[in-house]
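In my numbering, the protein residues as written are 19 to 684. Ideal placement from N, C-alpha and C gives every residue a C-beta, glycine not left out. To start, the structure under review is shown below, and the notes come after it.
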C-alpha cells in the first residue's frame with residue numbers, strides 16, 4: 019500500500035502539467051491581485067460592495083437593505099457572505115481583506131478553465147497552453163481583479179460549465195451542477211444570463227450540426243429548463259429589482275416593444291421552437307429540400323460570377339497564389355486570416371479614435387491603441403483558428419460559446435435594453451477565444467494541435483535548427499523561436515490589462531490611502547444625516563459605504579465649470595434629486611486624470627486648450643469662495659512632474675452663508 023502511494027506521489031511530482039497548472043494559477047491570482055496590493059482598494063463601485071459587506075458582517079442579514087446609488091446590489095449575497103465569513107474567521111478589517119480575497123476567485127476561475135478545456139479537447143497540452151493564454155487575457159484579467167459580484171459570477175460560471183460537461187457523461191454530477199448553478203444565480207445576474215444563453219445556443223448548435231440528436235440531448239434540455247426556472251424564480255421572488263428592470267419593464271428591438279407579461283413565456287416558446295426547427299431540418303421535409311436547392315443555386319451562381327470577374331480563367335493553384343496563399347498551404351491560410359483581421363482591427367480602433375463609440379460615448383487614445391495591440395493579436399489568432407476549431411470534436415461547443423455572445427451583442431446594439439450594454443459582452447468571449455487563439459497560433463507556426471512543435475522540442479538536436487520551409491512563412495523546424503513568440507505574447511498580454519484601460523482616460527479605479535483617510539476623517543467629524551457629498555463615482559460610493567448621503571452622480575457641470583453661475587443650480591439641487599451640497603471631495607486623480615461621474619459621463623478638470631495656470635481653472639475655483647478647504651491628507655512622496663505630493667485628497671465645505679449674502683439663492 020505504502021509503495022503504491024509513493025509511486026503516485028512520484029508520478030505527481032514528475033507531472034509537468036500539474037506543476038505548470040500550479041504556476042499558471044498562481045500567476046493568474048497575482049496579476050489579478052496586483053491593483054489591490056498596490057492601492058488601498060480598487061474599483062469605481064468598490065464602495066457599494068464594501069458598505070454591503072460591512073452591513074452583512076454587523077447585522078448577519080443575508081439580504082441587507084440598500085439605499086445607495088444604483089439598485090439590486092443587495093440581492094446577490096455570495097460576495098458579501100464570503101468576505102463577511104473571512105472577516106469573522108480572521109478578524110481582519112473588511113476594508114483590508116475584501117479587495118485582497120476576491121481576486122483570488124478570479125484567478126481560481128483560470129484553474130477551473132483548464133479542466134473545462136481538457137474536457138472539451140481531451141488534450142492536456144493544448145488545454146494547458148489555452149489556460150496560459152486565458153490567465154493573462156486582458157478583459158478577463160481586468161474584470162476579475164475587482165472585489166465585485168462579477169468576479170464571483172465568473173468563477174461560478176466556470177465551475178458550472180465544468181460540472182455541466184461532467185454531467186453530460188455522468189448523471190451523478192447533477193447535484194454539484196445544481197449547487198454551482200444556484201451559487202452563480204446568487205452571485206451575478208448578468209453572468210447568469212450569459213451562461214444560460216451560451217449553453218442554450220451550444221445545445222442548439224450541436225444538434226443542428228449533428229445528423230441525429232446528441233446522446234446528452236435529453237439531459238441537456240432537462241438541466242437548461244431547470245436552470246431557467248431557477249433563474250426566473252430567483253429574480254421574481256428575491257432579486258425583485260432585477261425582475262422589475264430586466265423583465266417587468268419589457269424590452270424592445272428595432273422599435274417594437276414587447277410587454278413584460280410575454281417575456282418569460284416568450285423565452286420558453288423560443289426555447290422549444292429552436293429545437294422544433296432542428297426536428298424539421300432533420301426530417302428533410304420538402305420545403306427544406308427545396309430551400310436548400312434554391313440557396314445552393316444562388317450561391318453557386320454568385321461564386322461563379324465572382325470568379326469570372328475577379329479571377330478570370332486562372333487555374334485553381336494560380337488562384338490560390340493570387341490571393342497570397344497556396345491551396346495546399348494551411349500555414350499561409352492561417353496567416354492570411356490573422357493578418358487581415360489584425361490590420362482591420364487596428365483600422366477600426368483608429369476610426370474610433372476620431373469618432374465616439376456610441377454606447378460608451380468616448381474615443382480611443384493613441385496610447386490605448388498601442389497597449390491594446392497584444393489583445394488585437396489574440397483576436398486575430400482567434401479568427402485564424404475559428405474554422406479549424408469548428409471542425410474538431412466539441413468544436414461546435416467552443417465556437418458556439420462565442421457565437422452565442424455575438425448574437426446577444428447584436429441584439430444589445432439594436433435594442434434599447436440598458437442592462438445588456440454591448441461592451442459588457444466582450445469578457446464572456448475570453449474563455450473560448452483563448453482556446454481558438456491557440457489553434458490559430460499553431461496553424462501559423464507549426465500545426466493547430468502543436469504535435470510537430472512538441473515532438474521537435476523534445477528532440478534537442480532540432481532545437482536550434484535554422485532551416486526555413488519554402489512552403490510557408492514561419493518554419494516549424496525551429497521550436498525555440500515558436501516558444502519565444504508564445505512567451506512574448508504572454509508577457510505583452512500580462513503587461514497591458516491595466517495600462518490599456520488607464521490610457522483610455524475614461525476612469526481611474528484606484529482608491530488611495532489618502533482617500534480612505536479623508537473619508538474616515540469625515541466619519542468622525544461630520545454629521546452624516548445633514549451632509550450631502552459631491553465627488554466622482556469612485557469616492558461618492560466610498561462615502562456611501564461610511565453612511566453619508568451623496569448626490570448619486572447628479573453633479574456634472576461643477577467639475578469643468580469655472581464660473582459659479584454655471585454650476586450654482588447643482589449646488590442648490592435645482593432639477594436634481596438631492597438637497598443642497600454641503601461638501602465636495604477632490605483628489606489628485608480627479609484633478610490631473612479624469613472625473614468619472616458615471617458610466618458614459620466623463621469630465622476633465624484640466625483644460626488643455628489653455629496655457630500655464632489657466633489650465634487648472636476648473637480646480638482652482640475650489641480654492642476660493644464659496645468653498646473652504648477643511649481637511650487635506652497627502653502622501654510623503656513627491657510627484658516629480660507636478661512637484662507636489664504624489665497622492666492627496668481634499669474635502670471642501672460649501673459656504674452657504676456666502677451664497678446667501680451675495681444673493682445667489684434668490
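- prompt: Counting along the chain, where does the alpha helix (DSSP H) carrying residue 645 start and finish?
  reply: Premise fails: residue 645 lies in the beta strand (DSSP E), 645-652, not in any alpha helix (DSSP H).
- [ ] Specify, as a first and last residue, the run of the beta strand (DSSP E) that residue 703 falls within.
- [x] A question about residue 703 goes unanswered here, because the residues of the chain that appear run from 19 up to 684.
Query raised in the report: What is the residue span of the beta strand (DSSP E) that residue 605 lies within?
Result: Annotation for residue 605: the continuous beta strand (DSSP E) segment containing it runs 601-605.
- Identify, in the order they occur along the chain, each residue of the same chain with its Cβ nearer than 8 Å to the Cβ of residue 677, setting aside the five sequence neighbours on each side. The answer, listed in chain order, is 586, 589, 644, 683.
Quiz item: Taking Cβ positions, are residue 668 and residue 650 nearer each other than 8 Å?
Solution: Yes, Cβ-Cβ distance for residue 668 and residue 650 is below 8 Å.
query = Among the residues of its own chain, which have a CB less than 7 Å from the CB of residue 49, if the five just before and after it don't count?
reply = Listed in chain order, the non-local C-beta contacts of residue 49 below 7 Å within the same chain comprise 154, 159, 512, local neighbours out to five positions each way being set aside.
> On the premise that residue 149 lies in contact with residue 39, defined as a C-beta separation below 8 Å, what is that separation, rounded to the nearest angstrom?
Replying inline: Contact between residue 39 and residue 149 holds, with the beta-carbon distance rounding to 7 Å and staying under 8 Å.
Going by C-alpha distance, which of 113, 504, 34 is nearest residue 564?
-> With distances taken between CA atoms, residue 564 lies nearest to 113 out of 113, 504, 34.
Q: Below 6 Å CB to CB, which residues in the same chain sit around residue 602 once its five sequence neighbours on both sides are set aside?
A: Here the set comprises 552, 670.
Beta-carbon contacts of residue 68 that lie in its chain and below 6 Å, excluding the five residues immediately before and after: Result list for residue 68: 563, in chain order.
Checklist entry - Hey, residue 633 and residue 620: beta-carbon distance below 8 Å or not? => result Not closer than 8 Å, so no.
**OP:** Kindly indicate which residue of 222, 413, 442 has the alpha-carbon position closest to the one of residue 211.
**Re:** 442 is the residue among 222, 413, 442 whose C-alpha sits nearest the C-alpha of residue 211.
So, at 8 Å on beta carbons, what are the nonlocal neighbours of residue 373 in its own chain, with the 5 sequence-adjacent residues on each side left out? Cβ neighbours of residue 373 beyond the five flanking positions: 381.
| said: Helix, strand or coil, according to DSSP, for residue 543 in the structure here? | reply: Looking at residue 543 - three-state DSSP - the assignment turns out to be helix.
*Using the C-alpha atoms, what's the distance from residue 454 back to residue 445?*
Residue 445 and residue 454: Cα-Cα distance of roughly 15 Å.
Exercise. Considering only C-alpha positions, which residue in the set 510, 653, 216 is nearest to residue 449?
Worked result: Of the candidates 510, 653, 216, the one whose C-alpha sits nearest the C-alpha of residue 449 is 216.
| residue 70 to residue 457, Cα distance in whole Å? | Cα-Cα distance, rounded: 43 Å.
Can you look up residue 453 in the DSSP assignment and give me helix, strand or coil? In the three-state reduction of the DSSP assignment, residue 453 falls in the helix class.
Per-residue DSSP class, three states only, for residue 373: Assignment of residue 373 by DSSP, reduced to helix, strand and coil, places it in the coil class.
Checklist entry - When the Cα atoms are used, what is the spatial distance from residue 508 to residue 514? => result If I take the Cα positions, the gap works out to 10 Å.
Helix, strand or coil at residue 224 according to DSSP, with G and I counted as helix: When DSSP states are grouped into helix, strand and coil, residue 224 belongs to the helix group.
(Q) Am I right that residue 371 and residue 384 are in contact with their C-beta atoms under 8 Å? What's the rounded C-beta distance? (A) About 7 Å separates the two Cβ atoms, so the contact holds.
- Task: Reducing DSSP to helix, strand and coil, say where residue 60 ends up.
- Result: Looking at residue 60 - three-state DSSP - the assignment turns out to be strand.
Sequence-distant residues of its chain with Cβ nearer than 7 Å to residue 646 (five each side left out)
670, 671, 673.
Three-state secondary structure (DSSP) of residue 684: In this structure, residue 684 counts as coil in the three-state DSSP scheme.
Point to revise | Assigned secondary structure, residue 433 (DSSP; H/G/I helix, E/B strand, else coil) | key: Looking at residue 433 - three-state DSSP - the assignment turns out to be strand.
| Taking the continuous alpha helix (DSSP H) assigned at residue 619, which residues delimit it? | Looking at the DSSP string, residue 619 is not in any alpha helix (DSSP H); the run it does join, the beta strand (DSSP E), is 619-621.
### Opening and closing residue of the beta strand (DSSP E) in which residue 550 lies
It spans 550-552 - the beta strand (DSSP E) in which residue 550 sits, taken as one unbroken run.
_Considering only DSSP beta bridges, list what residue 380 is partnered with._
For residue 380, DSSP records a beta bridge to 375.
Neighbourhood of residue 593 by C-beta distance below 8 Å, restricted to the same chain and skipping five residues each side:
Only 587 meet the Cβ criterion.
Exercise. Any beta-carbon of chain C closer than 8 Å to the one on residue 282?
Worked result: The structure shown contains no chain C, having only a single protein chain.
Residue from 411, 398, 430 with nearest C-alpha to residue 460 | The residue among 411, 398, 430 with its C-alpha nearest the C-alpha of residue 460 is 398.
> Are the stretch 114-127 and the stretch 166-183 touching, with three or more C-beta to C-beta distances below 8 Å?
Replying inline: When Cβ pairs closer than 8 Å are counted between the two stretches, the stretch 114-127 is seen to touch the stretch 166-183, the count reaching three or more.
Checklist entry - From this set, 254, 411, 400, 181, which residue's C-alpha is nearest residue 139's C-alpha? => result The residue with the shortest Cα to Cα distance from residue 139 is 411.
message: Assuming contact is defined by CB atoms lying nearer than 8 Å, are residue 527 and residue 665 in contact in what I supplied?
response: Between residue 527 and residue 665, the CB-CB gap reaches or exceeds 8 Å.
| said: Does the beta-carbon of residue 203, which I'm using as the reference point, lie nearer than 7 Å to any heavy atom of the ligand SAM? | reply: No copy of the ligand SAM appears in this structure; indeed no ligand is present at all.
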